[in-house]
Amino acid sequence: MTAQLLQGQRALVTGGNSGIGEAIVQALADAGAAVVVNFLSGEEDAKRIAAGIEANGGRAVPVQADVSKPDDCKRLFDAADKQLGGIDIVVANAGIQRDAAFTEMSLEQWREVIDVNLTGQFLCAQNAVRRFRKQGLDQHRSAALGKVIFTSSVHQVIPWAGHANYAAAKGGLKLLMESMAQELASEKIRVNAIAPGAIKTDINRDAWESKGAREDLLQLIPYGRVGEPEDVANVAVWLASDQSDYVVGTTVFVDGGMRLYPAFREGG
Ligand code: BGC
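Take this note's numbering: the last position of the sequence shown gets the number 396, and nothing is skipped along the way.
Rendered as structure tokens:
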């Protein structure tokens with residue numbers, strides 16, 4: 129039997145109780161990693177997911193924390209240390225939308241999204257890097273000292289009317305990721321991002337559930353289907369594994385071609 133891709137590695141996924149985060153948790157566990165399943169609310173789901181993994185002979189621990197709060201973040205990583213003995217893979221995935229037309233957007237809506245989608249990612253990544261350094265390199269586990277994977281969005285490059293807070297956070301995340309990657313690569317810390325397009329989860333249910341909405345959405349997706357959380361999760365496993373050991377500071381778009389200006393199929 130060949131060894132599993134992430135055998136012996138310890139992972140933490142923020143927002144791991146639903147949507148893309150849940151699929152990433154499952155996929156990492158299926159690849160042999162022990163996983164901390166972070167959640168903000170939705171404890172029942174996090175417990176169910178962890179119990180399912182443990183019933184299959186894996187290891188998973190649900191931990192509540194608000195990633196936008198420094199103390200919560202630290203507690204989350206302490207829990208990973210205590211329960212899993214350390215951390216090798218951090219998927220900074222938690223994200224929210226608070227949509228509004230630009231002039232209607234409240235400061236609270238702006239701040240909430242920046243706090244979770246950008247500051248929360250920064251705090252998690254900072255905790256991760258500090259822990260990686262403390263642990264030191266163990267080449268039996270992985271060729272890298274540690275891996276950080278951000279869940280970004282196609283909106284790190286595609287402007288999005290009615291979602292200025294979200295697009296600003298994701299655009300910021302792109303350069304946070306690249307600056308970190310440049311700064312930390314010499315320590316064998318790999319930092320990368322995944323940029324999902326339209327993936328079938330609760331966050332965008334309005335955009336895919338009804339036939340009419342789905343038809344409109346498909347106009348934006350050259351590949352002709354809405355994405356599944358597993359499309360993203362498979363890439364997360366690869367980015368977390370030594371198979372991508374030379375991949376540093378890259379964004380992998382998982383979007384069915386959404387960022388390719390589909391309107392230009394007929395226009396221009
Ligand atoms: C957003 C979704 C949206 C997708 C494509 C994602 O980052 O969270 O609501 O459907 O981008 O526009």
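Yeah, the Cβ is synthetic: ideal placement off N, Cα and C, and Gly gets one too.
query, result
"Identify, in the order they occur along the chain, each residue of the same chain with its Cβ nearer than 8 Å to the Cβ of Leu388, setting aside the five sequence neighbours on each side.", "Pro350"
"Does the beta carbon of Gly149 sit closer than 7 Å to a beta carbon anywhere in chain C?", "In summary, chain C is missing from the structure at hand, where a single protein chain is found."
"What number of angstroms, rounded off, separates the C-alpha of Thr90 from the C-alpha of His283?", "The question about residue 90 has no answer here: the residues shown for the chain are numbered 129 through 396."
"What's the C-alpha gap between Asn362 and Val382?", "10 Å"
"So if DSSP puts Ala220 in a beta bridge, which residue, or which two residues, is it bridged to?", "Phe278"
"Just to check my reading of the structure: Ala161 and Ala179 have Cβ atoms closer than 8 Å, yes? What is that Cβ distance to the nearest angstrom?", "Between Ala179 and Ala161 the Cβ distance is about 17 Å, and since that is not below 8 Å, they are no contact."
"Suppose the cutoff is 7 Å on Cβ atoms and the five residues either side in sequence are ignored; what does the same chain contact list for Leu273 look like?", "Phe260, Leu265, Glu315, Lys316, Ile317"
"Looking at the unbroken beta strand (DSSP E) that takes in Asn320, where does it start and where does it end?", "317 to 324"
"What residue from Met386, Lys210, Ser280 has the CA that sits closest to Ala364's CA?", "Ser280"
"Just to check, is the beta-carbon of Ile331 closer than 6 Å to a non-hydrogen atom of the ligand BGC?", "yes"
"Using a 10 Å radius around the Cβ and a threshold of 16 neighbouring Cβ atoms, would you call Gly290 buried or exposed?", "exposed"
"What's the call for Thr379, buried or exposed, on a 16-neighbour Cβ count within 10 Å?", "buried"
"Taking just the CA atoms, how far does Ala341 sit from Ala313?", "42 Å"
"Who are the near neighbours of Glu311 in its chain, counting only those whose CB is closer than 8 Å to its CB and skipping five residues on each side?", "none"
"Helix or strand or just coil, what does DSSP make of Val376?", "coil"
"Pick helix, strand or coil for Ala131, following the three-state DSSP scheme.", "coil"
"Let me make sure I understand the geometry here. Which of Tyr374, Gly355, Gly395 has the alpha-carbon closest to that of Ala335?", "Gly355"
"On the three-state DSSP scale, how would you describe Ala188?", "strand"
"Using the three-state DSSP reduction, which class does Val164 fall into: helix, strand or coil?", "strand"
"Under a Cβ-count criterion, where at least 16 other Cβ atoms within 10 Å of its own Cβ denotes burial, should Met129 be classed as buried or exposed?", "With a pLDDT of only 49 at Met129, under the threshold of 50, the placement of this residue in the model should not be trusted, and no figure is reported."
"Is Gly143 near the ligand BGC, going by C-beta to nearest heavy atom under 6 Å?", "no"
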